[in-house]
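When we follow the working numbering, the leftmost residue of the sequence shown carries the number 21, and every step to the right adds one. Backbone N, C-alpha and C define an ideal beta-carbon position, used for all residues, glycine too.
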Amino acid sequence: MAPVTQLTCVACGAVAPTDAMTCPACGPEGTLDVHYDLDAARVAFARDLEDPALTGVWRYRALLPVADDGPRPPLQVGPTPLLRLDPARAPGGFRALWVKDDGRLPTASFKDRATSVAVARALEAGAPGLLCASTGNAASSLAGFCAAAGLRAVILVPRSAPRAKLAQLLVYGAELFPVAGTYDDAFDLSLPAAEALGLMLRSTGVNPYLAEGKKTGALELAEQFAWDLPEWIAVSVGDGCIVSGLYKGFKDLVAIGRIPRVPKLLGVQAAGSDALTRAWEAGLDAPAQVEAKTCADSISVDRPRDGRKALRAIRESGGAFLRVSDEAILAAMPALARASGVFSEPAGAAALAGLLRAKDEGLLDADTPCVAWVTGSGLKDADAAIRAAGGVPEPIEPTLEALEAALRARR
Ligand SMILES: Cc1ncc(COP(=O)(O)O)c(C=O)c1O
Ligand SMILES: [Zn+2]
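Pasting the structure below:
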């Protein structure tokens, strides 16, 4: 670990104590940035890349807030596959399109990156467990990592969370409390609940060290591209923590001289959950509030908890926010799967839908090198997947005649 030198508030810039969750002056609006001694990090980062014993996210420990040889959760996190789509079959005719498949992480979503760092820190601190409110993936991730590490996991989710995510929580043995309300209601309860129960908080947008875990996506992608990144990176946005975590990772890499600039970040929102896109269009640096409604449950958020950081990430990277319809998201799921073999949940496929939209809007063209970040596996929400692919066909009699008749009927 490079020593954490300070935390600063995204809203007012003030320095906060290194054990603060959000800015003491600004409250939940003031999420915090983690700063390191980057001179020390530069040297240690280069040395660690040469060490074959360091695998997955721990290759990047020099830029992470964990002790160099501290305890780690036992699940392996990354590297996840980076696939280049065949230009002849890529949706939208993209000729330089890659898919980063984070559906292949241990609990099948990007959230494992942040959880691995959160749980490593909990183990280091001797915490008895963690608590989180989540739309589903952060919760199932925390449940899996706590099961692996032998820690307590207390989970608050909206009762509408997809069944596969609930199934993960139950099977991993988390203490599950579906909340009769929205994700935002669950989130508001998580802050006092963690304090009352003496548990570390893993809710998005409050614990500044979680963004450092998300950052590993950027570090890993940059290494996979041999430090020569494509122009655009598209990722879906709900609370804004993933996109701001990725931005932080690229920014740290610029600061230690590994990459020349931060790639342009495309923040993709569902049209029915577009609080940040609205703020972006209005030129604001804090998010609007909406009443979210979208089939992409993971990015269904009324009030983005890390909105300021997300807006800053998009602005400073020279990127853009845009919105895509639920129809476009559902169409992107089979389009992506059939062109690449990557089965994504709606929020993951939204990244591809966003790139297609960006091309239509002239932000980029079919020759622009870009990455669609698949943030969660399609197995997370089988009902949405079946809907996206047009439903399960009616059964046929188990005879060759019936099969041939059914084939003819489909032509
Ligand atoms: C699969 C998936 N994609 C995207 C997101 C959006 O991340 P954020 O809320 O940090 O913007 C989430 C968050 O739950 C997610 O689970
Ligand atoms: Zn502040």
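- Is the stretch 132-147 in contact with the stretch 221-241, if contact means three or more CB pairs nearer than 8 Å? yes
- Count the other CB atoms, across all protein chains shown, that sit within 10 Å of the CB of glutamate 240; report buried if there are 16 or more and exposed otherwise. Residue numbering aside, residue 240 sits at position 220 when the sequence shown is read from its first letter. Burial call: buried.
- Task: Verify the contact flag: glycine 327, CB atom, against every heavy atom of ligand 2, threshold strictly below 7 Å.
- Result: Here residue 327 refers to the residue found at position 307 when the sequence shown is read from its first residue. Result no, Cβ not under 7 Å from ligand 2.
- Task: Quick one: grab the DSSP three-state call for aspartate 15.
- Result: Nothing can be reported for residue 15: it is not among the residues displayed for the chain, which extend from 21 to 431.
- Cutoff 6 Å; reference glutamine 96; Cβ partners in own chain excluding five residues on either side: On the sequence shown, residue 96 is found 76 positions in, with the first residue counted as 1. These residues qualify, in order along the chain: Gly76.
- Message: Can you tell me whether lysine 120 is helix, strand or coil according to DSSP?
- Response: On the sequence shown, residue 120 is found 100 positions in, with the first residue counted as 1. DSSP places lysine 120 in strand when its eight states are reduced to three.
- Message: Which same chain residues end up closer than 6 Å to proline 23 when comparing Cβ atoms and leaving out the 5 residues on each side of it in sequence?
- Response: Start at 1 with the first residue of the sequence shown, and residue 23 comes out as number 3. For proline 23, where only same-chain residues beyond five positions count, the Cβ hits under 6 Å are Asp57.
- Task: With a 10 Å radius around its C-beta and 16 neighbouring C-beta atoms as the bar for buried, classify proline 37 as buried or exposed.
- Result: Within the sequence shown, numbered from 1, the residue matching residue 37 stands at position 17. Exposed is the call here.
- If we count the other Cβ atoms within 10 Å of its Cβ and call it buried at 16 or more, is aspartate 204 buried or exposed? What you label residue 204 is simply residue 184 of the sequence shown in a count that begins at 1. Classification for aspartate 204: buried.
- Classification of glutamate 336 by the beta-carbon crowding that lies within 10 angstroms, buried from 16 upward: In the sequence shown, counting from the first residue as 1, residue 336 sits at position 316. Label assigned to glutamate 336: exposed.
- Item | Those residues which DSSP pairs with alanine 392 across a bridge | On the sequence shown, position 372 is the one that residue 392 refers to. Note: alanine 392 sits in a beta bridge opposite Val119 and Ala254.
- Task: Take serine 129 as the anchor and find which of Lys234, Arg109 and Thr28 has the nearest alpha-carbon.
- Result: Within the sequence shown, residue 129 is the residue found at index 109, counting from 1. Among Lys234, Arg109 and Thr28, the Cα nearest to that of serine 129 belongs to Lys234.
- Message: Let me check one thing: in DSSP terms, what residues is cysteine 152 bridge-paired to?
- Response: Along the sequence shown, one-based indexing puts residue 152 at 132. Paired residue(s): Ile175.
- Can you check DSSP and say which residues form a bridge with glycine 197? As a working mapping, residue 197 is identified with position 177 in the sequence shown. It is phenylalanine, not glycine, that sits at residue 197 in the sequence shown. Note: phenylalanine 197 sits in a beta bridge opposite Leu176.
- Taking the Cβ atom as the reference point for each residue, do glutamine 88 and arginine 79 lie within a distance shorter than 8 Å? In the sequence shown, the residue the question calls residue 88 occupies position 68. In the sequence shown, the residue the question calls residue 79 occupies position 59. The identity of residue 88 in the sequence shown is aspartate, whereas the question assumes glutamine. Result no, Cβ atoms of aspartate 88 and arginine 79 do not sit closer than 8 Å.
- Task: Flag this pair as touching only if the stretch 102-112 and the stretch 255-262 have three or more C-beta atom pairs under 8 Å; answer yes or no.
- Result: no
- Would you kindly check if the distance between the Cβ of glutamate 195 and the Cβ of isoleucine 175 is under 8 Å? If you number the sequence shown from 1, residue 175 lands on position 155. If you number the sequence shown from 1, residue 195 lands on position 175. Yes. Within cutoff.
- Should glycine 50 go down as buried or exposed, given a rule of 16 or more other Cβ atoms within 10 Å for buried? The residue labelled residue 50 in the question sits at position 30 within the sequence shown. Per the 10 Å Cβ criterion, buried.
- Message: Assess contact between the stretch 245-256 and the stretch 178-185, defined as three or more Cβ pairs (one per stretch) separated by less than 8 Å. Is contact present?
- Response: no
- Message: The alpha helix (DSSP H) that contains glutamine 188, what's its start and end?
- Response: Sequence index remark: in the sequence shown, residue 188 carries index 168 (1-based). From DSSP, the alpha helix (DSSP H) with glutamine 188 extends over 183-192.
- Item | Cut-off 7 Å between Cβ atoms - residues of its own chain near leucine 383, not counting five sequence neighbours on either side | Taking the first residue of the sequence shown as position 1, residue 383 is located at position 363. The answer, listed in chain order, is Ala340.
- Task: Measure the Cβ-Cβ separation of isoleucine 253 and leucine 286 and say whether it is below 8 Å.
- Result: Mapped onto the sequence shown, residue 253 falls at position 233. Mapped onto the sequence shown, residue 286 falls at position 266. Yes, they are a contact pair.
- Closer than 8 Å by C-beta to alanine 40: which residues in its own chain qualify, once you throw out the five before and the five after it? Chain order, please. Position 20 of the sequence shown, counted from the start, is the residue given in the question as residue 40. The answer, listed in chain order, is Leu27, Leu52 and Pro228.
- Rounded straight-line distance, which links the Cα of aspartate 305 to that of serine 161: Locating residue 161 in the sequence shown gives position 141, counting from the first residue. Locating residue 305 in the sequence shown gives position 285, counting from the first residue. The straight-line gap from Cα to Cα measures roughly 30 Å.
- Task: Go through its chain and collect everything with a Cβ distance to isoleucine 406's Cβ below 7 Å, but skip five positions before and after it.
- Result: Residue 406 sits at position 386 when you count from the first residue of the sequence shown. Excluding residues within five positions, the ones whose Cβ falls inside 7 Å are Val412.
- CB contact flag (glycine 258, proline 324, <8 Å): As a first step, residue 258 must be located in the sequence shown, where it is residue number 238. As a first step, residue 324 must be located in the sequence shown, where it is residue number 304. Taking 8 Å as the Cβ cut-off, glycine 258 and proline 324 qualify as a contacting pair.
- Item | Helix, strand or coil at glutamine 244 [DSSP, three-state] | By one-based count along the sequence shown, residue 244 stands at place 224. Three-state result, glutamine 244: helix.
- Message: Rounded to whole angstroms, what is the Cα-Cα separation between aspartate 272 and aspartate 294?
- Response: The count along the sequence shown starts at 1 and reaches residue 272 at position 252. The count along the sequence shown starts at 1 and reaches residue 294 at position 274. The straight-line gap from Cα to Cα measures roughly 28 Å.
- Message: So, at 7 Å on beta carbons, what are the nonlocal neighbours of serine 210 in its own chain, with the 5 sequence-adjacent residues on each side left out?
- Response: By 1-based counting over the sequence shown, the position of residue 210 is 190. Cβ neighbours of serine 210 beyond the five flanking positions: Leu151, Cys152, Ala153, Leu176, Leu221 and Ser223.
- Task: Identify every run of the beta strand (DSSP E) within the stretch 318-367, keeping only runs that are complete inside it and at least 3 residues long; order them along the chain.
- Result: 340-344
- Query: If we ignore side chains and look at the alpha-carbon of each, how far apart do arginine 62 and threonine 236 end up?
  - Reply: Reading the sequence shown from its first residue, position 42 is the one you call residue 62. Reading the sequence shown from its first residue, position 216 is the one you call residue 236. C-alpha separation (whole angstroms): 16 Å.
- Message: What would DSSP say about valine 35, mapped onto helix, strand or coil?
- Response: As a first step, residue 35 is located in the sequence shown; it is residue number 15 there, counting from the start. Note: valine 35 maps to strand in three-state DSSP.
- Kindly indicate the opening and closing residues of the beta strand (DSSP E) around leucine 230. Within the sequence shown, the letter at position 210 stands for residue 230. Careful: leucine 230 lies outside any beta strand (DSSP E), inside the alpha helix (DSSP H) at 228-234.
- Query: Hey, phenylalanine 114 and alanine 386 are a contact pair by Cβ (cut 8 Å); roughly how many whole angstroms apart?
  - Reply: The sequence position of residue 114 within the sequence shown is 94, counting from 1. The sequence position of residue 386 within the sequence shown is 366, counting from 1. The Cβ separation is near 5 Å, so the contact holds.
- Message: By the three-class DSSP mapping on this structure, what secondary structure does arginine 278 have?
- Response: Counted from its first residue, the sequence shown places residue 278 at position 258. Three-state result, arginine 278: coil.
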